[in-house]
Amino acid sequence: MFLRSATAYGFSPRIRFDLVLNNLTAHAFTSGKVLLKSDGMPWRPIVHIEDISRAFLAAIEAPIDVVHNEVFNVGITTENYRIREIAQIVEETVPGSCVEYAAGAGPDTRTYRVDCSKISHLLPNFKPQWTAHRGARELYEKYCQYGLLLEDFEGARYQRLAYLQSLIARGAIDGDLRWIVPISRAETSTAQSIRIG
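Just so we're aligned: the sequence shown equals residues 776 to 972 in the working numbering.
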């Protein structure tokens, strides 16, 4: 079986801030701006990490003849949004925030909508519970609880690409993402989780 997840969101100890709902909510919380770096027109299917986990459990529990060699889009078909719609949800959720466009924000050709009806039809035990509205509220509450700062989410610690770029800049890995210098065990563990994730 093959499970193809929509763009994830949701809070975790190693949260990724390069995912659209996580990022827009973090920016709104720390700066008051729901900052769009494109014209907001591209589509994104989004799904909470807990619902992704529910899909994996449902697939594991399903009869093998139902899932063997099958591909499932993981998410809810109604959770396809234009990025500007996600921004509006964030604006409604984070008090005092407003949608703004970054300088030079233009079209983004990376756009896609996903039909997730197959997973709900063939895996009836998959019962997703999250929506973008609920997810934005969760993120906002967690950012309040932990006192998120702008430098926390814009740095290399929580953004996979920024972290890899920092390793390349330090000479720790090469352009093929292979280690060049001896590193600490903790850094290896973090890098492996980033590469796999």
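Beta carbons: idealized from backbone N, C-alpha and C, even for Gly.
Distance between beta carbons of V869 and T800, contact taken as under 8 Å: If you number the sequence shown from 1, residue 800 lands on position 25. If you number the sequence shown from 1, residue 869 lands on position 94. Right, the Cβ-Cβ distance comes to about 7 Å (below 8 Å), so this counts as a contact.
Use the C-beta contact count for V846: other C-beta atoms within 10 angstroms, 16 or more gives buried, fewer gives exposed. The residue given as residue 846 occupies position 71 in the sequence shown. By the neighbour-count definition (other C-beta atoms within 10 Å, threshold 16), V846 is an exposed residue.
Can you check the segment 840–925 for any alpha helix (DSSP H) of at least 4 residues that lies completely inside it and give the ranges in chain order? 858–868, 892–897 and 907–921
Rounded straight-line distance, which links the Cα of S787 to that of H823: By 1-based counting over the sequence shown, the position of residue 823 is 48. By 1-based counting over the sequence shown, the position of residue 787 is 12. Straight-line Cα distance between these residues: approximately 11 Å.
Measure the alpha-carbon distance for N798 versus A911 and round it to whole angstroms. As a working mapping, residue 798 is identified with position 23 in the sequence shown. As a working mapping, residue 911 is identified with position 136 in the sequence shown. Taking the CA atoms as reference points, N798 sits about 10 Å from A911.
Between S872 and the rest of its own chain, which residues show a CB-CB distance below 6 Å, the 5 nearest in sequence each way excluded? Looking up residue 872 in the sequence shown gives position 97. So the list reads A803, G807, V809 and E866, once near-sequence residues are dropped.
Measuring alpha carbon to alpha carbon, tell me which residue in G815, R945, R859 and L923 is nearest P882. As a working note, residue 882 is residue 107 in the sequence shown. When the alpha-carbon of P882 is set against those of G815, R945, R859 and L923, the nearest one is in G815.
Who pairs with I948 in a beta bridge, going by DSSP? Within the sequence shown, the letter at position 173 stands for residue 948. Looking at the DSSP assignment, I948 forms a beta bridge with W954.
Rounded straight-line distance, which links the Cα of I943 to that of W954: For the purposes of this step, residue 954 is taken as residue 179 along the sequence shown, with counting starting at 1. For the purposes of this step, residue 943 is taken as residue 168 along the sequence shown, with counting starting at 1. Each residue's Cα considered, the two are about 9 Å apart.
R829 - containing alpha helix (DSSP H), residue span: To locate residue 829, count along the sequence shown from 1; it is residue 54. I824 to E836 is the extent of the alpha helix (DSSP H) around R829.
Could you give the DSSP three-state label for R935: helix, strand or coil? Position 160 of the sequence shown, counted from the start, is the residue given in the question as residue 935. Note: R935 maps to helix in three-state DSSP.
Under the three-state reduction of DSSP, which class applies to L799: helix, strand or coil? Numbered from 1 along the sequence shown, position 24 holds the residue referred to as residue 799. Correct three-state label for L799: helix.
Alpha carbon to alpha carbon, how far is A931 from A877? Here the question's residue 931 lines up with position 156 in the sequence shown. Here the question's residue 877 lines up with position 102 in the sequence shown. Just so you know, the alpha carbons of A931 and A877 end up roughly 21 Å apart.
Use the C-beta contact count for P838: other C-beta atoms within 10 angstroms, 16 or more gives buried, fewer gives exposed. The count along the sequence shown starts at 1 and reaches residue 838 at position 63. Classification for P838: exposed.
DSSP three-state assignment for F786, whether helix, strand or coil: Against the sequence shown, residue 786 aligns to sequence position 11. The answer is coil: DSSP assigns F786 none of H, G, I, E or B.
The segment 917–927 touching the segment 840–859, judged by at least three CB pairs closer than 8 Å: no
Tell me, please, which residues DSSP counts as bridged to L811. As a first step, residue 811 is located in the sequence shown; it is residue number 36 there, counting from the start. Paired residue(s): Y876.
Anticipated Cβ contact below 8 Å, I827 with V849, distance rounded: Stepping through the sequence shown from its first residue, residue 827 is reached at position 52. Stepping through the sequence shown from its first residue, residue 849 is reached at position 74. Indeed they touch by this definition, with Cβ atoms about 6 Å apart.
Between the C-alpha atoms of Q904 and G946, what's the straight-line distance to the nearest angstrom? Here the question's residue 904 lines up with position 129 in the sequence shown. Here the question's residue 946 lines up with position 171 in the sequence shown. Looking at the two C-alpha atoms, the distance is approximately 43 Å.
Please list the terminal residues of the continuous beta strand (DSSP E) segment that includes L733. Because the chain in this structure spans residues 776 to 972, residue 733 falls outside the shown range and cannot be described.
Identify every residue that forms a DSSP beta bridge with I821. Position 46 of the sequence shown, counted from the start, is the residue given in the question as residue 821. In the DSSP output, where bridge partners are listed per residue, I821 has T782.
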